[in-house]
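Engineer:
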Amino acid sequence: MWDELVVALPDIHPAAAQHLLVLPRQHIPNVSSLTAADAHLVRHMLLVGQQLLQQHTLQQQQQQQQQQVQPLPLAQQQQAPPAQQHALTVPTQEQQQDQPRHKFGFHKPPFRSVDHLHLHCFQLPHVWYRWGQYQASLNWITADELLDDLKRRPSAKQQQQQQQQQQQQQE
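Using this note's numbering, read the sequence shown as starting at 4 and increasing by one per residue.
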């Protein structure tokens with residue numbers, strides 16, 4: 004999947020039931036390279052990841068429902084009243100709790116394998132032997148945490164002004 008801003012693809016070493024990467028088309032080395040002006044891009048990356056995982060989840064649920072639906076034997080079909088033949092079932096609370104959870108985040112430098120910003124999108128659970136790479140730590144930031152951080156970062160113009168002031172002070 005792609006659009007004018009991002010490209011999304013499956014991770015070649017999946018660490019979860021579903022593991023996608025969303026990359027900006029523009030080269031951005033990592034989360035440290037982002038400014039406040041890039042918040043729209045990070046939000047867009049997150050939205051694309053959420054939509055793709057939601058589509059995948061719906062497809063899985065449809066497949067499971069199709070596998071669970073079994074036609075009644077002809078004798079039972081004839082005995083059942085019409086309302087029961089077409090009744091909708093409401094998921095139980097236990098079934099609702101079994102819904103897959105999603106997780107979105109970025110590796111922080113220097114703990115990354117690719118020098119191009121990419122959002123990890125997971126449908127949990129993690130594969131047991133890879134879960135540690137994507138936990139809250141020095142090397143990981145969730146998409147929501149990054150968006151909060153970007154609100155506090157200076158804009159590109161403010162950074163440029165700060166650099167000019169530093170250069171003037173050094174002279």
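The beta-carbon is built from N, C-alpha and C at its ideal position, and this holds for glycine as well.
1) I'd like to check one pair, Leu56 with Gln126: are the Cβ atoms closer than 9 Å?
2) Is Gln29 helix, strand or coil when you go by DSSP?
3) State the CB to CB distance for the pair Lys154 and Ala39, rounded to an integer number of angstroms; the pair is presumed to be in contact (CB under 8 Å).
4) Within the continuous alpha helix (DSSP H) that includes Ala11, where are the two ends?
5) When we look at the beta-carbon of His175 and count the other beta-carbons within 10 Å, is it buried (16 or more) or exposed?
6) Mapping DSSP to helix, strand and coil, what is Ala19?
7) Quick one: give me the first and last residue of the alpha helix (DSSP H) that His1 is part of.
8) With distances taken between CB atoms, is the gap from His119 to Lys106 smaller than 9 Å?
9) Determine the direct distance from the alpha carbon of Gln68 to that of Asp41, and round the result to whole angstroms.
10) Round the Cβ separation of Gln166 and Pro157 to the nearest angstrom and send it over; I've been treating them as touching at under 8 Å.
11) Indicate the three-state DSSP secondary structure (helix, strand or coil) for Thr145 in the structure shown.
Structural biologist: Let me spell this out:
1) Less than 9 Å divides the Cβ of Gln126 from the Cβ of Leu56.
2) Gln29: coil per DSSP, three-state reduction.
3) Sure, about 7 Å apart at Cβ, within 8 Å.
4) Ala11: not part of any alpha helix (DSSP H); member of the beta strand (DSSP E) spanning 9 to 13, first to last residue.
5) There is no way to answer for residue 175, as the model of the chain reaches only from 4 to 174.
6) The three-state secondary structure of Ala19, taken from DSSP, is strand.
7) Because the chain in this structure spans residues 4 to 174, residue 1 falls outside the shown range and cannot be described.
8) It is not a contact, given that the beta carbons lie outside the stated cut-off.
9) Whole-angstrom Cα-Cα distance: 41 Å.
10) Not confirmed; about 10 Å, so no contact.
11) Here Thr145 sits in strand by DSSP.
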